[in-house]
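**Student:** Numbering follows numbering that gives the first Met the number 0, in which position 259 of the sequence shown is assigned residue number 258; successive positions increment by one, without gaps.
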Amino acid sequence: MVRVIFLCILFVINLSAIGQIQNVYNRISTTEGLNTNKVNCIYQDKKGFFWIGTQNGIQRFDGRKFINFRSNGLTKSLPPYSIDQILDAGNNKMWIRQGSIVGLFNPITFEYSNIPIEDYHKYSSSGNIKLVRDSRDNTFLCLEKYELLWYDQENNKFTKNNLPIKVPDGWPVSDLYEDTLRDDYWICSAKGLAVYNHKNKSINYHNHNQEKIAFFENQNLLFVYNFYIDKSNTWWIFYWDYNPLDERAKIIHYDPKKNQVIPDTIDLKSHLPAYYELSWVFETKKGNIWSGGLNSLLKYEPESKALVQYKKSTPSDFDINCRKINQMYQDREGNIWICTDNGIYIFSEDNAIFNYTFDKSELNNNLTVTSLLETKNSKNWIGTWGNGIFLLDNYVKEIKNNLYESIPIQKHKQYSQVWDLCQHEESGLIWAGCQGGFLMIFNPDTNKPLELLNLPIFENSTIRQVLEDKDGNLLFGTQSGRLIKWTKGSKIINESFEIIHEFNTSIFVLYKDNANRIWIGTHKAGVYLMDPIGKNVISHFMEKPYTDLPPIGLGVADIEQYNDSIYFVSNGFLNIINSNTGDFKTLTQLDGLAGAEVSRMLLDNHEILWFTHNNGIGSYNHEKKVFASYNERNGVIFGNKSIFSKLKKRNGELWFAGENVLYKFNPFQLNVDNVPNEVTLTGFKIFNKFIPLDSLLSLDKVKLKPEQNSFTIYFSSLSYTQQYNLVYYYKLEGVDNEWVKAGRELAANYTVLPPGNYNFKVKCVNQQSDKFTGITSLSLSILPHYYQTWWFTILVLLAVSSLIYFIYHQRINKLLAVERIRTKVARDLHDDIGSTLSTINILSSMAKSKMITDPVKTSSYISKITDNSQQMMEAMDDIVWSIKPDNDSMLKIVARMREYVSGILEPKDIEINFNIEERVLDIRLNMEARRDVFLIFKEAVNNIAKYSSCSKADIELKYKNHKLIMIVKDNGRGFEVLEADGGNGLGNMKKRAESLQGIIEIKSQQSFGTEVILNIPVNT
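1. With a Cβ-Cβ cutoff of 7 Å, do VAL172 and LEU192 count as a contact?
2. TRP790: buried (16+ other C-beta within 10 angstroms of its C-beta) or exposed?
3. From the DSSP output, which residues share a beta bridge with SER569?
4. Using the three-state DSSP reduction, which class does SER290 fall into: helix, strand or coil?
5. Does the region 406-413 come close enough to the region 335-345 that 3 or more CB-CB pairs lie under 8 Å?
6. Do THR611 and SER628 have their C-beta atoms within less than 7 Å of each other?
7. Would you mind giving the Cβ-Cβ distance between TYR299 and ILE288, rounded to the nearest angstrom? I have them listed as a contact below 8 Å.
8. For MET926, tell me which candidate among SER948, ASP908, SER888 and THR233 has the shortest Cα-Cα distance.
9. List, from N- to C-terminal side, the beta strand (DSSP E) runs of 3 residues or more that fit wholly inside the region 762-795.
10. So, using beta-carbon positions, are ASP87 and ASN39 closer together than 7 Å?
11. So, with DSSP's three-state summary, where would you put ASP1020?
12. Our contact map puts LYS227 next to VAL280 with C-beta atoms below 8 Å; I'd like the distance itself, whole angstroms only.
13. If distances are taken between C-alpha atoms only, which option among LYS268, GLU622 and THR477 comes closest to ALA248?
14. Report, in whole angstroms, the separation of the C-beta atoms of PHE1049 and LEU428, which I expect to be a contact under 8 Å.
15. Helix, strand or coil for GLN1004 per DSSP?
16. Hey, quick one: how far does the beta strand (DSSP E) through VAL1011 stretch, first residue to last?
17. May I have the straight-line CA-CA distance separating GLY617 from GLY525, to the nearest angstrom?
18. Do SER538 and GLY62 have their C-beta atoms within less than 7 Å of each other?
19. Is it right to say GLY488 is buried, meaning 16 or more other beta carbons lie within 10 angstroms of its own, or is it exposed?
20. Would TYR119 be called buried (16 or more neighbouring beta carbons within 10 Å of its own) or exposed?
21. Per DSSP, which residues does THR264 bridge with? Please list them.
22. Can you tell me whether DSSP reads ILE999 as helix, strand or coil?
23. State yes or no: is the C-beta of PHE109 within less than 7 Å of the C-beta of PRO691?
24. Would you list the residues sitting across from PHE714 in a DSSP beta bridge?
25. In three-state terms, what does DSSP make of TYR412?
26. By alpha-carbon positions, which one of SER370, ASP392, LYS156 and LYS375 ends up nearest to ILE462?
27. Buried or exposed: which applies to ASN562, given that a residue is buried once 16 or more other Cβ atoms fall within 10 Å of its Cβ?
28. Straight-line CA distance for ILE319 to LYS311?
29. Which two residues bound the contiguous alpha helix (DSSP H) that contains ILE1023?
30. Output the distance between the C-alpha atoms of PRO549 and ALA556, rounded to the nearest integer angstrom.
31. According to DSSP, is ASP590 helix, strand or coil?
32. Let me know the secondary structure DSSP gives ARG599 once reduced to three states.
33. Give the secondary structure of PRO549 by DSSP, where H, G and I count as helix, E and B as strand, and everything else as coil.
34. Taking the beta strand (DSSP E) that VAL508 belongs to, which residues open and close that run?
35. Are the CB atoms of VAL900 and ILE911 within a distance shorter than 7 Å?
36. Along the beta strand (DSSP E) that carries ASN193, what are the first and last residues, could you check?
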């Protein structure tokens, strides 16, 4: 046995090296979507959108993405200038100030209207300008070098006339502050500070102090540019001191109750650089007072009663790094937004996670925390590699101790290289496993070492883990792979230690489960499950992922029990082992893990697993199979360095520590169970064109044109803090049967939707609790094309029915026409041919009877038979010609007319003049009209041949006013029309003209010839 005890003071830990990082500033820059890093102002509207004014214009931010609003040169477009101030204007509008240009912006329609400033030319000189709005909805325009103006809503302009408040005569106004409790207006001016009481209409200032306000009796400040009354009812007065010996911005902190200046701003100059400006003052919801400007960011610390400069000359990664701070703003979640000339910085006053760092310059190289232990007396022992052990209280404040007063660190530095700490349940002693097989045992009541050991059984192998089993024995896991046991109650000598198992690979983890079984995590041999005494192996998990992983996954980092059968094992990834079945599953980024290098793990009181990884802190809800991640947005910094040690305290706090870093948090304070904000629809895009969504939301239903059937809907909960720990689901009723999980873009895309009514729904769920406020919906209607409407369908059916009826009717008409033709042909055959055949039959019988007795009579009868046969042949020819379709054209009709008239009149030596107008040839006549026209013509020509005794016949066909005019004229002997006997010929001509819906006119006189005029309507 080797027992070493030294009694010399050689090692002292300087705990002034540990310090809390008060605020973690998250920066938003052009990388995240800002149009420039020169940010002047910010405003959150009632819906939760952030409106950011920059030197390049205005942007809208929903917590995840930016939308730019650029000037398009139109009348209702924002001027293309820098945005200097954004202010609520009521009625869902915002005041926008761009230098000395002021206007109203409607965030629903995105329309801007410029508000004129009366006598604008008078105020063209340089000087600060500020918009102020009071509780009475009055809007004031403070002109630092001129007077105070206000917005006259009735006349729609800024004017100095009829001001709602009084200002001392001749005073320019740089700022205005309303004290709503006392109904006072505080007026800041280069000529001093004044107060106007709205109730009694009085105004007071130095040398005009009717109400004997104590401050004005004692103070005569000039160049006052800011005034504020905080929640403690103390005054903050900002002014510029032009004293040549000490020219700078100064602050007076005044207590009106005690009528005294609070001396906490006197030493202001020592905290600030040679030149600075204090442009604004801001009080947070928790009552913290901030002020800042050029080269300054001050916070009032009530404990120390001083203004502390938070803008560091040499900023770290999570400090503010800028020259000028233009505005501070607090959103509805409590986050503080700081607008600077180097982007936006955001931090939260509600620090759920407390970060602590160690100053390397104060320590022996890096301080790597390898072990955390909460003792029975509620002290926190911190074991480090190379810097020994130190003690902290629950507020991470140093607890002075003499742990190392008697430990010879210079001779045996292994005592400062601590790997694990374990407090024995029964004795209360604290055992520390160290580098090279060294052991230390402390009395936590006296904070003094009882034993300093370097036992041969450890063979100088580092003691990586110390664990107490169910019987109070201590188990030691070594770098060389030995599992060594010390039996409770035995002497602390080498012989009291025994090797109970050799694993031949480093032991990284010793873990006791609820059944008192021992779990061993090794470097290269996977995980062993052993019986409660640590001798017999129950299970060995050697399969993947333990033997076939890239270097990042080699070595078991931690083991944590979930229930009787489920265990979590980290080795770079997150693994789940079922000890009953032997099954395991590896969870990676594909399953939602937000990072790699998963190391230390702790299960909180709500059965949520928390672990460190290379992107911060992660959590896993095994019941819901959901991951969440917490990083700089949530106040976690250097999470990738807190990978060596963990501690779950009795009050439920979780501690993680590692290289120069320690942080602690209460899981419930991380809003893991909060109800998220209701989802807001943030954008509506048809193809690649954004449509103003707010104007659409004002409608009961969004109606889209048929060609607008491809669109994208964007949405967000408008939460900056929770944004990345919310899961969004959406569905379009009529398209999606189930809820669809949204991707990182938070957008639902639909293409080529058919016409119809749709209802879009979206919700967001807290990953860890499944809580949500409600469902946001949007009713949509895609109008059909005209050919998809019901009325068009009816019209088509009517048209088709009409067409079918028309075709049917035409067919019937054609059948009837054929029937009429048949009837007419039959009638004509019966009338003409039948009668002629009967005549021929009679004449042939008479000729036969007279053939012998009266040859002359017989010859006469035969001549008549010949004439009748000739007439019958002509009649047959006329009938066949009239029913033949090829003869429908006027060209064929005219040709037959020529043929007929030549055959009748030329043998009688009658001169024929045929005059046909060219347009007549374009006329088409149906069968009946053609036959009637020809028969009228034929009758007229026959009358010329038989009765006229003329020498000349004129035939004319012409077209006029949609009528066919046929004239048949001769120069024969004529007749008296009125005295004519009206035989069958003339009568038939008139009947045929009537059937043609025309008019026939017969003109004739004795010795002057005859003229027949037929006038019938036709279509060309």
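From the three backbone atoms N, C-alpha and C, an ideal C-beta is built for every residue, glycine too.
Please read these numbers as outputs of a predicted model, since none were measured by experiment.
**Tutor:** With the structure as the only source:
1. Residue mapping note: residue 172 aligns to position 173 of the sequence shown, counting from 1. Residue mapping note: residue 192 aligns to position 193 of the sequence shown, counting from 1. Going by C-beta atoms, VAL172 is not nearer than 7 Å to LEU192.
2. Residue numbering aside, residue 790 sits at position 791 when the sequence shown is read from its first letter. Answer is exposed; the Cβ neighbour count stays below 16.
3. Residue numbering aside, residue 569 sits at position 570 when the sequence shown is read from its first letter. ASP557 and LEU573.
4. Residue 290 sits at position 291 when you count from the first residue of the sequence shown. In the structure shown, SER290 sits in a strand (DSSP, three-state: E or B).
5. no
6. As a position in the sequence shown, residue 611 is number 612, starting the count at 1. As a position in the sequence shown, residue 628 is number 629, starting the count at 1. No, the Cβ-Cβ distance between THR611 and SER628 is not below 7 Å.
7. The sequence position of residue 299 within the sequence shown is 300, counting from 1. The sequence position of residue 288 within the sequence shown is 289, counting from 1. About 4 Å separates the two Cβ atoms, so the contact holds.
8. Here residue 926 refers to the residue found at position 927 of the sequence shown. Per the Cα distances, SER888.
9. 775-781
10. In the sequence shown, the residue the question calls residue 87 occupies position 88. In the sequence shown, the residue the question calls residue 39 occupies position 40. Contact flag unset, no.
11. Because the chain in this structure spans residues 0 to 1019, residue 1020 falls outside the shown range and cannot be described.
12. The residue given as residue 227 occupies position 228 in the sequence shown. The residue given as residue 280 occupies position 281 in the sequence shown. According to the sequence shown, residue 227 is Tyr rather than Lys. About 5 Å separates the two Cβ atoms, so the contact holds.
13. As a position in the sequence shown, residue 248 is number 249, starting the count at 1. The option with the nearest alpha carbon to ALA248 is LYS268.
14. Nothing in the structure corresponds to residue 1049, since the chain is present only between 0 and 1019.
15. Here residue 1004 is taken as the residue at index 1005 of the sequence shown, counted from 1. DSSP places GLN1004 in coil when its eight states are reduced to three.
16. Within the sequence shown, numbered from 1, the residue matching residue 1011 stands at position 1012. Start and end: 1009-1016.
17. Here residue 617 refers to the residue found at position 618 when the sequence shown is read from its first residue. Here residue 525 refers to the residue found at position 526 when the sequence shown is read from its first residue. Between GLY617 and GLY525, the C-alpha separation is close to 23 Å.
18. As a position in the sequence shown, residue 538 is number 539, starting the count at 1. As a position in the sequence shown, residue 62 is number 63, starting the count at 1. The answer is no: Cβ separation not under 7 Å.
19. Here residue 488 refers to the residue found at position 489 when the sequence shown is read from its first residue. When all chains shown are included, GLY488 counts as exposed.
20. Here the question's residue 119 lines up with position 120 in the sequence shown. Exposed, because fewer than 16 other Cβ atoms sit within 10 Å of the Cβ of TYR119.
21. Within the sequence shown, numbered from 1, the residue matching residue 264 stands at position 265. Paired residue(s): none; THR264 is not in a bridge.
22. In the sequence shown, residue 999 corresponds to position 1000, counting from 1. Strand.
23. For this step, residue 109 is matched to residue 110 along the sequence shown. For this step, residue 691 is matched to residue 692 along the sequence shown. Yes.
24. What you label residue 714 is simply residue 715 of the sequence shown in a count that begins at 1. In the DSSP output, where bridge partners are listed per residue, PHE714 has LEU680.
25. Residue 412 sits at position 413 when you count from the first residue of the sequence shown. Here residue 412 is Lys; the residue named in the question, Tyr, does not match the sequence. Of the three classes helix, strand and coil, the one that applies to LYS412 here is helix, per DSSP.
26. In the sequence shown, counting from the first residue as 1, residue 462 sits at position 463. Here the closest residue by C-alpha is SER370.
27. Position 563 of the sequence shown, counted from the start, is the residue given in the question as residue 562. Answer is exposed; the Cβ neighbour count stays below 16.
28. Sequence index remark: in the sequence shown, residue 319 carries index 320 (1-based). Sequence index remark: in the sequence shown, residue 311 carries index 312 (1-based). Going by the C-alpha atoms only, they are around 7 Å apart.
29. Because residue 1023 is not part of the residues shown, which for the chain are 0 to 1019, the question remains open.
30. Your numbering for residue 549 matches position 550 in the sequence shown. Your numbering for residue 556 matches position 557 in the sequence shown. Below a pLDDT of 50, predicted positions are generally treated as unreliable, and PRO549, at 44, falls in that range; the measurement from the model is reported next regardless. Going by the C-alpha atoms only, they are around 15 Å apart.
31. Along the sequence shown, read from residue 1 onward, the residue named residue 590 stands at position 591. Three-state DSSP puts ASP590 in a helix.
32. For this step, residue 599 is matched to residue 600 along the sequence shown. Coil at ARG599, not helix or strand.
33. As a position in the sequence shown, residue 549 is number 550, starting the count at 1. Only weak support exists for where PRO549 lies, its pLDDT of 44 falling under 50; the coordinates are left without a value.
34. One-based indexing of the sequence shown puts residue 508 at position 509. Counting along the chain, the beta strand (DSSP E) containing VAL508 begins and ends at 506-511.
35. Numbered from its first residue, the sequence shown carries residue 911 at position 912. Numbered from its first residue, the sequence shown carries residue 900 at position 901. Cβ atoms of ILE911 and VAL900: closer than 7 Å.
36. The count along the sequence shown starts at 1 and reaches residue 193 at position 194. According to the sequence provided, residue 193 is Ala. The question's Asn does not apply to it. Unbroken beta strand (DSSP E) run through ALA193: 191-196.
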